[in-house]
Amino acid sequence: MGNIEFEYPLWFILPILYLICLKFCPKRVESIYFPGFNYIKSATSSKDIIQKLLWFLTVLAIATTLATPLSKSSVDIKNDKGYEISLLLDASGSMREYNKFGIAKDIIIDFLNKRKHDKIGLTIFADFAYIAVPLTYDKNSMIRLLKRIDVGVAGVQRTALYEALFLSANLFKESKAKNKIAILLTDGVDNTNSIPLNVALKTLKKYGIKVYTVGIGNRGDYDQRVLEKIAKDTGGKFFEANSLQRLKEIYATINKLEKSEFKATRYVKKKYYIEYPLAVAILLLVGIFIYNNFRRVSI
Numbered sequence: 241m242g243n244i245e246f247e248y249p250l251w252f253i254l255p256i257l258y259l260i261c262l263k264f265c266p267k268r269v270e271s272i273y274f275p276g277f278n279y280i281k282s283a284t285s286s287k288d289i290i291q292k293l294l295w296f297l298t299v300l301a302i303a304t305t306l307a308t309p310l311s312k313s314s315v316d317i318k319n320d321k322g323y324e325i326s327l328l329l330d331a332s333g334s335m336r337e338y339n340k341f342g343i344a345k346d347i348i349i350d351f352l353n354k355r356k357h358d359k360i361g362l363t364i365f366a367d368f369a370y371i372a373v374p375l376t377y378d379k380n381s382m383i384r385l386l387k388r389i390d391v392g393v394a395g396v397q398r399t400a401l402y403e404a405l406f407l408s409a410n411l412f413k414e415s416k417a418k419n420k421i422a423i424l425l426t427d428g429v430d431n432t433n434s435i436p437l438n439v440a441l442k443t444l445k446k447y448g449i450k451v452y453t454v455g456i457g458n459r460g461d462y463d464q465r466v467l468e469k470i471a472k473d474t475g476g477k478f479f480e481a482n483s484l485q486r487l488k489e490i491y492a493t494i495n496k497l498e499k500s501e502f503k504a505t506r507y508v509k510k511k512y513y514i515e516y517p518l519a520v521a522i523l524l525l526v527g528i529f530i531y532n533n534f535r536r537v538s539i
């Protein structure tokens, strides 16, 4: 249940008033005195204590119900002012060398944890490209998926780089976000010819997507000229990463360049628990009824 508080705590005065009334407001009933009255009184005094205790607990349960127990939790609603980001990750066979794929995944996961208010999608490419995760706020699901995938998930022989750009661009087809970016990480060159570069660039420009390109590994492994062109034509930037530290620095730089600008609305979510003390009060009333009937029979 979490931390329980009461919406109307003044109702807890009720049990105190009940105790005061027991003390200073005794019942006034017509009495007939007869011999042996004191003996009967002493025999029933313990039962009176039980009855008074049951009534006190009932009043306490009713007061708790009226006080309205509840728990509160703050919920932030993010208005659609953040960025929409598409991550493109090369999963071709060459990414297995020097554990480039594993290192890239770890850095991307760290990047995801820093972009809490953005919608992010993931495209994987090798022999072919596919959308692994569409644009979503659910970073946890994406992180779980990243931890499971490995080189070979889309083949190991080729690099469908332009196809990945084209598919990634189409993620934004219905997007109304003002800030749309893509981050492409690769250690190779396109060699599938499934989508021409100019078609991919035209689609990226059509949807206003800024592309940051990252060449990982040694110069010559990737086509620097093409990666620079993709970044320049879309208003992004090209980076080279030949070490783990450099790759970390690149994603940290992109994170600083593309900071989310969003407005958040906070409201308090309330969960009420009045059914519990109410149920106790009803059970106590039933208990009092049974107890009084049993008492009359025994007397």
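Sequence positions in the sequence shown follow the numbering used here and run 241 to 539. For every residue, glycine included, the Cβ atom is placed at its ideal position computed from N, Cα and C.
Chain-order list of residues whose beta-carbon lies under 8 angstroms from that of residue i (same chain, five-residue window excluded)
i: Y215; result: Beyond the ends of the chain as shown, which are 241 and 539, falls residue 215; an answer cannot be given.
i: D461; result: S334, D427, G428, G455
i: I244; result: P309, L310, S311, Y513
Residue range of the beta strand (DSSP E) that includes residue i
i: L411; result: Careful: L411 lies outside any beta strand (DSSP E) and carries neither H nor E.
i: G455; result: 450 to 456
i: E324; result: 324 to 330
Start-to-end residues for the alpha helix (DSSP H) that takes in residue i
i: P255; result: 253 to 264
i: F341; result: 340 to 354
i: T443; result: 437 to 446
i: R486; result: 484 to 497
Simplified DSSP state of residue i, which is helix, strand or coil
i: Y462; result: strand
i: P374; result: strand
i: I512; result: The sequence given here places Tyr at residue 512; Ile does not occur at that position. If DSSP states are grouped into helix, strand and coil, Y512 belongs with the strands.
i: A521; result: helix
i: T432; result: coil
i: I528; result: helix
i: S334; result: helix
i: F246; result: strand
i: F540; result: Residue 540 falls outside the range modelled here, since the chain spans only 241 to 539, and no answer is possible.
i: F534; result: helix
i: A400; result: coil
i: A301; result: helix
i: A366; result: coil
Cβ shell of residue i (< 7 angstroms), same chain only, five flanking positions each side left out
i: K477; result: Y452, A471
i: K340; result: D427, I456, G457
i: L484; result: I343
i: P374; result: G361, L411
i: K511; result: L310, S311
i: R336; result: V391
i: L524; result: L294, L297, T298, A301
i: I514; result: T305, T308, P309
i: T493; result: none
DSSP bridge partner residues for residue i (one or two, in chain order)
i: L425; result: L329, V454
i: F478; result: T453
i: I360; result: I325, T376
i: K420; result: E324
i: L386; result: L386 is not bridged to any residue.
i: V393; result: G395
i: S313; result: K509
Spatial neighbours of residue i in its chain, beta-carbon cut-off 6 angstroms, leaving aside the 5 residues before and after
i: I528; result: L294
i: Y402; result: D430, I435, L437, A440
i: R398; result: D367, N431, T432
i: L518; result: T305
i: V520; result: A301
i: D473; result: L441
i: L405; result: A440
i: D463; result: V429
i: K450; result: I421, T474, G475, G476
i: A417; result: E324
i: N419; result: Y323
i: E480; result: G455
Quick test of the definition: if touching needs 3 or more C-beta pairs under 8 angstroms, does the region 295 to 315 touch the region 340 to 360?
Two segments are said to touch when three or more pairs of C-beta atoms, one from each, lie closer than 8 angstroms; by this definition the region 295 to 315 does not touch the region 340 to 360.
Quick check: the region 344 to 353 against the region 374 to 388, are at least 3 beta-carbon pairs closer than 8 angstroms?
With a cut-off of 8 angstroms on Cβ pairs, the region 374 to 388 is in contact with the region 344 to 353, counting three or more such pairs.
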